[in-house]
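Here is the structure we will look at, set down as structure tokens.
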Amino acid sequence: LTDRALVLGDLAGEMFAGRWRGGLRVDYDRAAQTVDHALSGNFQIEQFETARAIQTVFPNEFGSLDTRLDLTASVRGAGNRWWELLDRAQGEFALDAHGGVAHLTHPQLGTASTILALAGTLSFSSEMRALGRLLKKFAEMPVDRLHVSGARDAAGDLVLSEFRLDSPQARLSGSGSAPAVEGVPLAARKLDLQMELQAKD
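So for the sequence shown, the numbering used here puts the first residue at 478; every next one is plus one.
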């Protein structure tokens, strides 16, 4: 700590059964004309359990993804007060996982897959039968790789620039956004995600 900077370095610990590390820096420029504080930082978590992270936010949920994730994130901000540095913070992040299982627990999934398979049988449509089988597989799908990357802007809007999930049977890819809503935390925001599906057989 000096009269011009606060530096926190070599931070490390454990979180969600994984290891984390990071650093944070706040600089002060009293000669600045507009904003006189600047924030910069980085943060990483290695191999944390998604189930534990989800249950921290939603205690009654088991989560739709059971894997270990690596998270990297960077943050920067500017303001004249300490709280402005956080409120206006911008940053980028990336999530990566190799292996695990994705669970789709939507209550209408089983009904939809059964109807599609039955309709395909009655209409001799192999495509509808295949779609019914594919939906059923989504109930529990092995994950070869998961990658999510995105950014947060100064207004608090979250943009997912890339979402990709690879499994032995299918690939999901897309992008989306979660606009900031005053008084609504990130976990409760509406997510708009445009997806493309590719499937084998």
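Every residue, glycine too, gets a C-beta built ideally from N, C-alpha and C.
All values reported here derive from a predicted model rather than from experimental measurement.
- Distances from the CA of A655 to each of M672, R629, E673 and L649 were compared; the closest alpha carbon is that of R629.
- Taking C-beta atoms as the reference points, D669 and G653 count as a pair closer than 8 Å.
- Listed in chain order, the non-local C-beta contacts of M492 below 7 Å within the same chain comprise I522 and F525, local neighbours out to five positions each way being set aside.
- As summarised for the region 504-551, the continuous beta strand (DSSP E) elements at least 3 residues long and confined to that stretch are 514-526, given in chain order.
- Counting only runs that start and end inside the region 576-660, the beta strand (DSSP E) elements of at least 3 residues fall at 622-629, 635-643 and 647-655.
- Note on S638: under 16 other CB atoms within 10 angstroms of its CB, so exposed under the neighbour-count rule.
- In this structure, G518 lies away from V484, with their beta-carbon atoms at least 8 Å apart.
- Nearest Cα to L623 within the set S600, F615, G576 and M672: G576.
- Looking at S644, S602 and N557, the one whose alpha-carbon comes closest to that of K677 is S644.
- The three-state reading of DSSP puts A676 in strand, counting E and B together.
- Under the three-pair Cβ rule at 8 Å, the region 540-550 counts as touching the region 558-575.
- According to the DSSP assignment, D564 belongs to the alpha helix (DSSP H) that extends over W559 to D564.
- Taken through DSSP and simplified to helix, strand or coil, L478 comes out as coil.
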